[in-house]
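If you use full-length UniProt numbering, the sequence shown corresponds to residues 1 to 199, in order. Glycine included, every Cβ here is placed at the ideal spot set by N, Cα and C. From a predicted model like this one, the values you see are computed outputs, not experimental measurements.
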Amino acid sequence: MGNIKQSFCLGLFLKEGMALDELIRRAKEIGCAAVEIWQRDKAPFEELLDVTQKHSLQIASMSGHYSLTEGLNNPDDHGRIADELTESIELAAKHGIPGLIVFSGNRNGRDDEESVEICADGLRRVVKLAEEKGVNLNMELLNSKRTHPGYQCDHTEWGVRVCKATGSPRAKLLYDIYHMSIMEGDLIETIRANIEYIG
Numbered sequence: 001m002g003n004i005k006q007s008f009c010l011g012l013f014l015k016e017g018m019a020l021d022e023l024i025r026r027a028k029e030i031g032c033a034a035v036e037i038w039q040r041d042k043a044p045f046e047e048l049l050d051v052t053q054k055h056s057l058q059i060a061s062m063s064g065h066y067s068l069t070e071g072l073n074n075p076d077d078h079g080r081i082a083d084e085l086t087e088s089i090e091l092a093a094k095h096g097i098p099g100l101i102v103f104s105g106n107r108n109g110r111d112d113e114e115s116v117e118i119c120a121d122g123l124r125r126v127v128k129l130a131e132e133k134g135v136n137l138n139m140e141l142l143n144s145k146r147t148h149p150g151y152q153c154d155h156t157e158w159g160v161r162v163c164k165a166t167g168s169p170r171a172k173l174l175y176d177i178y179h180m181s182i183m184e185g186d187l188i189e190t191i192r193a194n195i196e197y198i199g
């Protein structure tokens with residue numbers, strides 16, 4: 001795979017009855033460098049740590065908090081999310097996981113302008129710990145046209161504003177080209193223009 005460090009999402013490939021060791025071994029054989037997990041409570045996390053170490057694969061990222069739809073754009077959820085992120089940051093640092101996935105949450109009538117600051121406020125609760133531990137908080141860009149209707153962080157420009165408002169080099173974006181091809185197109189130029197904010 002040359003200079004590309006390709007990873008895969010465990011939840012999309014690990015099926016019932018499939019041996020985790022076999023999946024990770026085969027991923028390594030075809031050139032994958034890492035695996036991404038979503039909710040670690042729904043993944044065989046401890047086994048995954050052992051198997052990825054055995055086959056020299058990295059865990060690239062995992063969800064830092066548990067709800068995609070009830071996310072950082074609602075201040076009522078900030079306490080819960082801060083607790084979940086604190087635990088996840090410590091775990092990521094312990095196991096060499098460079099990034100955690102964070103979610104804006106669904107709009108539910110919330111104003112885009114106001115929600116930038118609300119999300120940044122939520123991230124600022126834990127960003128100093130993320131800085132100390134060397135862990136990125138990557139807000140995921142998802143499409144709201146097809147698979148995640150109502151999701152607020154659905155455009156790069158909005159996500160970059162959250163990163164800037166947070167005021168930390170550890171506040172980044174998870175730039176998903178599938179989702180952004182649906183929402184924006186012009187992927188290469190968008191990536192070039194915003195590379196410093198992509199984790």
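Query	Result
Under 9 angstroms between C-beta atoms of residue 131 and residue 169	yes
Alpha-carbon to alpha-carbon, residue 32 and residue 83	32 angstroms
Contact under 9 angstroms by Cβ, residue 72 with residue 119	yes
Proximity of residue 93 and residue 145 at Cβ, strictly below 9 angstroms	no
Neighbourhood of residue 165 by C-beta distance below 8 angstroms, restricted to the same chain and skipping five residues each side	116, 117, 119, 120
In chain order, each beta strand (DSSP E) run of at least 3 residues that lies wholly inside the region 26-83	34-37, 58-63
Exposure label - residue 192; buried when at least 16 CB within 10 Å	exposed
Reduced DSSP category for residue 4 - H, G, I as helix; E, B as strand; rest coil	coil
Per-residue burial, residue 136 [other beta carbons within 10 Å of its own, 16 or more giving buried]	buried
Range of the contiguous alpha helix (DSSP H) that encloses residue 183	177-183
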